[in-house]
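Going down the list, the protein sequences come from chains A and B.
One point on numbering: in the working numbering, the residue at position 45 of the first sequence is 45, and numbering is uninterrupted.
One point on numbering: in the working numbering, the residue at position 2 of the second sequence is 1002, and numbering is uninterrupted.
All C-beta atoms in this analysis are idealised placements derived from N, C-alpha and C, irrespective of residue type, glycine included.
Model, not experiment: these values are computed from the prediction.
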Amino acid sequence: AQKITQTQPGMFVQEKEAVTLDCTYDTSDPSYGLFWYKQPSSGEMIFLIYQGSYDQQNATEGRYSLNFQKARKSANLVISASQLGDSAMYFCAMREGADSWGKLQFGAGTQVVVTP
Amino acid sequence: EAGVAQSPRYKIIEKRQSVAFWCNPISGHATLYWYQQILGQGPKLLIQFQNNGVVDDSQLPKDRFSAERLKGVDSTLKIQPAKLEDSAVYLCASSWRDPDTQYFGPGTRLTVL
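If you want it as structure tokens, here you go:
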């Protein structure tokens, strides 16, 4: 069964606007971590933001914030004030288990294109 | 601080040939991962090392894929013999210790003809 679901295959967003990328996850483990990575056309996966299942507050890193809704098993990424350099594939990922060797499981990704 | 290094960046081979990829993790990172990313999909973990020991290789096709990290630093991933469906980007990542955040290299794009 798919552990991470990203329902938006592609999105266009205008420069300076905010964009929300959807991510839902499936786990029965009470302890897990959620990650967002950016993959530009160069291919490298760039870590953006992390949210732990026990974290009380939503994670933020600069223009990135994670809208964590635990009951809905949702971990949407919000990019504020989009820039042309934000054009890339964005992947949501989950690691199950606390301080364990749980592997990172990725969704299929969302392609974001920022237009002037 | 230098990032994760991988070589080669691109490789084209015929099916049934062999190929090897090299990865040098971030200095001091004990955990090293190899992922396979097929076009249009997210990365899939192939193997995870903690120092020079294997932690998870449950998704590694062991009949044709092998990996080693002999001195707990560099790692090599080998495919022998390659199949058409092995065409993918092979990503190496490292972390200071699991379950810390993983940092990825630029990947090796393999095309099998």
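{"Check": "May I have the straight-line CA-CA distance separating B/G1105 from A/P30, to the nearest angstrom?", "Outcome": "31 Å"}
{"Check": "Is it buried or exposed for A/R95, if we count other Cβ within 10 angstroms and need 16 for buried?", "Outcome": "buried"}
{"Check": "In this structure, how does DSSP classify A/E15 when only helix, strand and coil are distinguished?", "Outcome": "coil"}
{"Check": "With distances taken Cα to Cα, identify the nearest neighbour of B/T1111 among B/A1067, B/I1047, B/P1061, B/K1083.", "Outcome": "B/K1083"}
{"Check": "Report the residues of the segment 1062-1092 of chain B with a CB closer than 7 Å to any CB of chain A, ordered along the chain.", "Outcome": "V1089, L1091"}
{"Check": "Give the DSSP bridge partners of B/D1056, in chain order.", "Outcome": "B/Q1048"}
{"Check": "Taking only the alpha-carbon atoms, compute the straight-line gap between A/F106 and A/F91 and give it to the nearest angstrom.", "Outcome": "7 Å"}
{"Check": "Assuming B/I1047 and B/A1067 make a contact with CB atoms under 8 Å, what is their CB distance in whole Å?", "Outcome": "5 Å"}
{"Check": "Residues of chain A with CB closer than 7 Å to the CB of B/F1104, please, in chain order.", "Outcome": "E44, M45"}
{"Check": "Between B/L1045, B/T1108, B/A1088, B/Q1102, which has its C-alpha nearest A/Y50's C-alpha?", "Outcome": "B/Q1102"}
{"Check": "Does the segment 1001-1020 of chain B come close enough to the segment 57-64 of chain A to have 3 or more Cβ pairs within less than 8 Å?", "Outcome": "no"}
{"Check": "Within the continuous beta strand (DSSP E) that includes B/T1111, where are the two ends?", "Outcome": "1108-1112"}
{"Check": "CA-CA distance, A/S121 and A/T5?", "Outcome": "Residue 121 of chain A lies beyond the residue range present for chain A, which begins at 1 and ends at 116; the question has no answer from this structure."}
{"Check": "Could you spell out the range, first to last residue, of the beta strand (DSSP E) harbouring A/V137?", "Outcome": "Absent from the structure is residue 137 of chain A, since the part of chain A shown begins at 1 and ends at 116."}
{"Check": "B/E1085 by DSSP, collapsed to three states: which one?", "Outcome": "helix"}
{"Check": "Is there a C-beta anywhere in chain B that falls below 8 Å from the one on A/A108?", "Outcome": "yes"}
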